[in-house]
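Have a look at the structure below before the remarks.
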Amino acid sequence: MSALEILGLSLLALFVLAGALGTVLSKNLVHSVLWLALALVATAGIYVRLTAGFLAGAQVLLYAGGVITLAIFAVMLSARIEGGPIPNESAKRGRGALVALAVAGLFGGVLLQADVLAPRDLPVVDAADIGRSFLGEYVLPFEVLSVLLVAAMIGAIVIARREDP
Amino acid sequence: MNVLFGSPALHALVLGVGIVSALLGVTSYFIWFERKFAGRMQSRIGPKHVGPYGLLQPIADAFKLLIKADITPDTADRALFNLAPLLAVCVALLSLAVLPLASGLVIADLDVGVLFFLAAGALTVVPTWMAGWGSNNKYALLGGMRAIAQSVAYGVPLVLAALVPVILSGSMKLSDIVAAQAGGHWFALWPPGPGLGAGVLFVLASLAEGNRIPFDIPEAESELVSGISTEYTGMKFGMFYLGEYVHSLVVAALFVTLFLGGYDGPGPDVLALQLLWFVLKVSLVSVLLLWVRWSYVRLRSDQLMTLCWKYLLPSGLLLVAASAVWVWWTEQGGSR
Amino acid sequence: MAMSAHATAHTSQAKAAELPRVPTPAIGPRANPYLDADSFEGEGDLMVLNMGPQHPSTHGVLRLKLWLDGEVVIKAVPYLGYLHRGVEKLLEKLSYVQSTPIVDKNDYVASMTNELALVMAFEKLEGCEVPRRARYLRTICAEMQRVASHLLWLGTFALDMGGALGGGTTAFMYCLRERERILDLFEELTGARFHYHMMQIGGVRHDLPVGWDVHMKQVAADIRARIPEYESMLSANPIFRSRTKGIGRIDARLAMELGLSGPNLRACGVDFDLRRSQPYAAYDEIEVHSALAYEGDVYARYQVRVAEMYESLRIATALVDGVPAGPIMGRKPIETVNAVKPPAGEAYVAIDSPRGELGCWVVSDGSPRPYRCKLRPPSYHALAALPYLLPGTTIPDVVVILGSLDPIMGEADR
Amino acid sequence: MIGQDVAQIAHERFGLESGELGPSVPRERLLEFASALCEAGYLYLVYISAMHHPATKNGEAEVPARYTVVYRVRDLARGLEFPFRCEVPLGTGVPSVASVWAGADWQEREAYDLVGPVFEGHPDLRRIMLPEDWEGHPLHRDYAINTPHHPWR
């Protein structure tokens, strides 16, 4: 890896970190959602660096375009939307930090064992390969997942439907 | 990857700066053209005082916007309010990265070009909503909420419409899609059904995602005063304006690339000629869009949703299925 | 000419026999939309939106306080008075002669009709006869004014539909282009383009200039040929139809109780036209076919107004050919401010202005100033329908419904 | 055209004589009279207005200050009109006819705002033209033209 690439990757990592911290630490719920958007888009940038372009595109399209939008909807529907900022009081910060530290330790341990810093050639996975593996090797999990999603969707409609016709 | 200037990084840098500045210039004159065009449509003249035929009007407008008072409301969410116009322009410019203007003349010919464009389109809603929320104005908030609903809804038919050329060409790389249409096999013309249908769907959904008339309900000046841009003044307002026009030009360019053969046209494959064909096609599509814009009144927000979920989405699914069947049939032995 | 499909016409000859007898439902307590107007005990959190008085689509300075659930209006309360200029008080302080220019500014897009109602009330009070030529000129002016007013309405209505930077402006520009030609006609006749001061007690102020009739007929023919173009741009457009049909429906009974008049009333299927039931000016000499629609929704009001434009052009063209010779004033010239002194008494005169029944109720105590002068503005009555029409609609519909009632705040607030 | 049918009703049921200006209905029977009109087909409310007469001396007899509230209704099907009025001394309310004709709501509000009579039983009697904090009623004959008022917000 060249120095430039390391710099770029660290910058992206910094963005992800800032986004994640902003999400949990921001006092304003709306800001939290937007920090989350930053974290998600920066993650997509890391995917691009890892030559997983398809994954990056899907990440932005689904997470930044879909999930963030739904999060905004959820915020708007649950809070009174007139006037000033919507407060975001995080409860039990200490325990949260503890869990976060534990997770970080876990990931760190795994990463150190996996020897990620060793230089190697990244395999180029293009969209066609992903498509083939979805419809070939992994066709059963893929279809089971789609059935699950359809079931979830039907369930959501059933729950959301009003009692009166 | 076809590289014109030394390393890929240098290539992207030079082309990126060049294309973006060219596009900004083109956009300001596109606005001038639109004003002239609308003027002629409405039996009036349009700008004519600044320079010959009002040609210096865009420059005057830019100066006017720059010297206007830049007001941030006291109760606004300052960070979001000030960041939103900047992001709006940036996001609108993002799609340019994958757009092949001529053979080899592309900033980054990504393998997943179509996906990149769709992802960039999905991002447009974030600055719009930031503006709507950050203004702390009820009209702006309503506009922002409308923008979100619209973007969530119209993202789906947009993906389906863009999927059709991907299926037909077998690639998500925009240069491959253009190559697949070479020699006049434009997807809007051939195969007869799905291509044209998807093209229309693409334009409708992109107009809706870019909040252009007749789908401009987040701005809706007769109802919401000016929607998301109600509180914006000066150049910050100008950036929204610019972003909207850039977006509409990019949509026209992508429509040309995906459905009208991109830079493909009669004559030898030289850069200048390809560029000419591309510009010509984009201009034609843009004029068509202007015509629609200056002829139609706005849809109501709920009608917009009905149109999307009840008509565009099913027809998009149908078009995708039809194009898949077409590809299967041609591979089975039918010939092109 | 393409008269709208649902618009039918009745002639003045057969009016009494053909008029549909309106059913009289039992009178009962009616839910009043104003109850506790400043607060609202609704379910959940409602957003209160003040639409106006500064808003692009409130036709001047109307303020609507809307209680919104998302975009759906739960309750709407109009607030008036932002353009209140105390005209009725002014009329009490000015002499009869001085009053006509004041009311010019009430309905500022149809000035001719304002003056006409006021002047006719004074004439009735005074018992003054108006010569036939003056009555013809008044009728021609009133009908051309109706076309100009409806053209402006059509244009602004298209703007309300949306597209102030799009399709709406295109229709607006076309309509203003035609209206401009009528203003030119009035300028030729009176020297003014907006506030004409054409009518005066006993007749009209200006006689026809030479060649005006030819000019007018040309303008009328041109506009008549162009209106189908606007119809093809608006009512032939599915977006326009889907945004107007079934929206803002008002039933005939409520329309009558509220005193809606003119096109707003005729769009509810009530065939009532002051030009036929109480012919004034020269309407007793010409057949008036008033347009009628039955749905009572926004689209019906649009249809009625478009059909009225054809009819007004026909009336004006027919009359201008037969303008009789004679004087244009029925009394000796008014030379002093206090020259008009009607005997003590009261009079109410109403005319069918472009917006509906424009009435004037004058009380005289024998002095040169009215004791009391009340104007009955059709816009005020039309706005009273808003609290009944708006709940249950969405914000885009609010603008469209308001526009379809064609209120002019200068007239409603006076 | 004045509706003779209602003039007859007014004469027979209420004992009122209606001349050119219509009958003067006593305030106690106003609501009853309005309902009778509405039942007779006079569904269209043309206008409600009011005027104020200051106290005058008619020879020796003193005529107290009073309000005259005037009404005009119409039967659209037959094209007949019928005006009537109600006179009350200052300080006495007039029954509201908003329960009979929905349009009376705004008409009475305007009359109250500009002239001053109070309509009893009105669902929401507020000023409509003038600001809420306005003092006095401008079309009152005694209203001084230089009455101070708060600036319009």
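Going down the list, the protein sequences come from chains A, B, C and D. The opening residue of the first sequence carries number 613 in the numbering used here; numbering runs sequentially from there. The opening residue of the second sequence carries number 939 in the numbering used here; numbering runs sequentially from there. The opening residue of the third sequence carries number 136 in the numbering used here; numbering runs sequentially from there. The opening residue of the fourth sequence carries number 857 in the numbering used here; numbering runs sequentially from there. A virtual CB, placed ideally from N, CA and C, is assigned to each residue, including glycine. As the structure is a computational prediction, the values presented were derived from the model and not from experiment.
At a cut of 8 Å, does the region 222-231 of chain C reach the region 452-467 of chain C through at least three beta carbon pairs?
-> Cβ pair count under 8 Å is below three, so no.
Locate the beta strand (DSSP E) running through C/Asn185, then write down its first and last residues.
-> Per DSSP, C/Asn185 belongs to the beta strand (DSSP E) from 182-186.
Mind checking the region 1220-1244 of chain B against chain F and listing, in chain order, the residues whose C-beta falls within less than 7 Å of any C-beta there?
-> The structure shown has no chain F; the protein chains it does contain are A, B, C and D.
Can you tell me the Cα-Cα spacing of C/Val157 and D/Arg997, whole angstroms?
-> Because the pLDDT at C/Val157 is just 40, under 50, the model does not fix this residue reliably, and the point stays unresolved.
Flag C/Tyr515 as yes if its beta-carbon sits less than 8 Å from any beta-carbon of chain D, otherwise no.
-> Closer than 8 Å: yes.
Where C/Gln189 falls, given that 16 or more other Cβ within 10 Å makes a residue buried = Classification for C/Gln189: exposed.
Could you check which residue in B/Arg1238, B/Lys1219, B/Ala1191 has the C-alpha nearest to that of C/Ile374?
-> For C/Ile374, the closest C-alpha among the options B/Arg1238, B/Lys1219, B/Ala1191 is that of B/Arg1238.
Could you say which of D/Pro987, D/His993, D/Leu936 lies nearest to D/Leu899 if we only look at CA atoms?
-> In this structure, D/Leu936 is the residue among D/Pro987, D/His993, D/Leu936 with its C-alpha nearest to the C-alpha of D/Leu899.
For a contact meaning CB atoms closer than 7 Å, what does D/Pro958 contact in chain C?
-> Per the sequence presented here, residue 958 of chain D reads as Ala, with Pro not at that position. The answer, in chain order, is Arg165, Leu389, Glu392, Leu393.
Roughly how many angstroms separate the alpha carbons of D/Tyr927 and C/Ala252, rounded to a whole number?
-> The alpha-carbon atoms of D/Tyr927 and C/Ala252 are separated by roughly 19 Å.
Flag C/Ser370 as yes if its beta-carbon sits less than 8 Å from any beta-carbon of chain B, otherwise no.
-> No, because no Cβ of chain B sits closer than 8 Å to the Cβ of C/Ser370.
Going by DSSP, which residues form a beta bridge with B/Trp1071?
-> Checking the DSSP bridge columns, you'll see B/Trp1071 has no partner listed.
For B/Gly1254, collect the residues of the same chain with a Cβ closer than 7 Å to its Cβ; drop the 5 residues on either side in sequence, then sort them by chain order.
-> For B/Gly1254, where only same-chain residues beyond five positions count, the Cβ hits under 7 Å are Pro1095, Leu1098, Ala1099, Leu1139.
Could you tell me how far apart the beta carbons of D/Ile1001 and C/Gly216 are, in whole angstroms, since I believe they sit closer than 8 Å?
-> At roughly 19 Å, the Cβ-Cβ gap does not stay under 8 Å, so D/Ile1001 and C/Gly216 are not in contact.
Per DSSP, D/Cys942 is paired with what?
-> Partner residues in the beta bridge of D/Cys942, as assigned by DSSP, are D/Val925.
What number of angstroms, rounded off, separates the C-alpha of C/Ser147 from the C-alpha of C/Ser412?
-> Confidence at C/Ser147 is low in this model, with a pLDDT of 36, below 50, so the placement of that residue should be treated as unreliable; the coordinate-derived value is given next. Per the coordinates, the alpha-carbon of C/Ser147 lies some 8 Å from the alpha-carbon of C/Ser412.
Kindly list the residues whose CB is nearer than 7 Å to the CB of C/Trp288, restricted to its own chain and excluding five residues on each side of it in sequence; keep chain order.
-> Result list for C/Trp288: Arg440, Asp541, in chain order.
Kindly indicate which three-state DSSP category C/Met333 falls into: helix, strand or coil?
-> In the structure shown, C/Met333 sits in coil (DSSP, three-state: anything other than H, G, I, E or B).
Please confirm whether C/Pro513 and C/Ser396 have their CB atoms less than 8 Å apart.
-> At the C-beta level, C/Pro513 and C/Ser396 come within 8 Å of one another.
Determine which residues share a DSSP beta bridge with D/Ser905 and list them.
-> Checking the DSSP bridge columns, you'll see D/Ser905 partnered with D/Val926.
Could you work out which residue in B/Val955, B/Tyr991, B/Ala1022 is closest to B/Thr1171 when comparing CA atoms only?
-> The candidate whose alpha carbon is nearest that of B/Thr1171 is B/Ala1022.
Residues of chain C with a CB under 9 Å from the CB of B/Gln995: which are they?
-> Here the premise fails: no neighbours, minimum Cβ distance about 16 Å.
List the residues of chain A whose Cβ lies closer than 7 Å to the Cβ of B/Trp1067, in chain order.
-> Listed by position along chain A, the residues whose Cβ is nearer than 7 Å to that of B/Trp1067 are Ile684.
C/Met464 bridges to which residues according to DSSP?
-> DSSP lists C/Gly338 as partners of C/Met464.
Contacts around B/Phe1175, its chain only, beta-carbon distance under 6 Å, and the 5 residues preceding and following it disregarded | Same-chain partners within the cutoff: Ser1167.
Starting from C/Gly494, follow its DSSP beta bridges and name the residues at the other end.
-> DSSP, once it has assigned bridges, lists C/Ala485, C/Arg511 as partnering C/Gly494.
Measure the CB-CB distance between D/His993 and D/Gly972 and report whether it falls below 8 Å.
-> Yes, these two residues count as a Cβ contact at 8 Å.
Looking at the C-beta of D/Val902, does it have a partner C-beta in chain C at a distance below 8 Å?
-> Chain C, which has a Cβ nearer than 8 Å to the Cβ of D/Val902, makes this yes.
Exposure label - D/Glu873; buried when at least 16 CB within 10 Å = Classification of D/Glu873: exposed, given that the 10 Å Cβ count is below 16.
So, is C/Leu493 buried or exposed, given that buried needs 16 or more other C-beta atoms within 10 angstroms?
-> Buried: at least 16 other Cβ atoms inside 10 Å.
Report, in whole angstroms, the separation of the C-beta atoms of B/Ala1030 and B/Thr1062, which I expect to be a contact under 8 Å.
-> Contact flag correct, Cβ pair sits at about 7 Å.
N- and C-terminal bounds of the beta strand (DSSP E) containing B/Trp1215 = It is not in any beta strand (DSSP E) - B/Trp1215 instead sits in the alpha helix (DSSP H) that spans 1209-1231.
CA-to-CA distance, C/Arg466 to C/Thr304, given in whole angstroms | The straight-line gap from Cα to Cα measures roughly 47 Å.
So with Cβ pairs under 8 Å, would you call B/Ile1086 a contact of chain A?
-> Judged by the 8 Å Cβ criterion, B/Ile1086 is in contact with chain A.
Whole-angstrom distance between B/Val1189 and B/Val1230, CA atom to CA atom = Straight across, the Cα-Cα distance linking B/Val1230 with B/Val1189 is about 15 Å.
With a threshold of 16 other CB atoms inside 10 Å of the CB of A/Ile766, please say whether the residue is buried or exposed.
-> Exposed, because fewer than 16 other Cβ atoms sit within 10 Å of the Cβ of A/Ile766.
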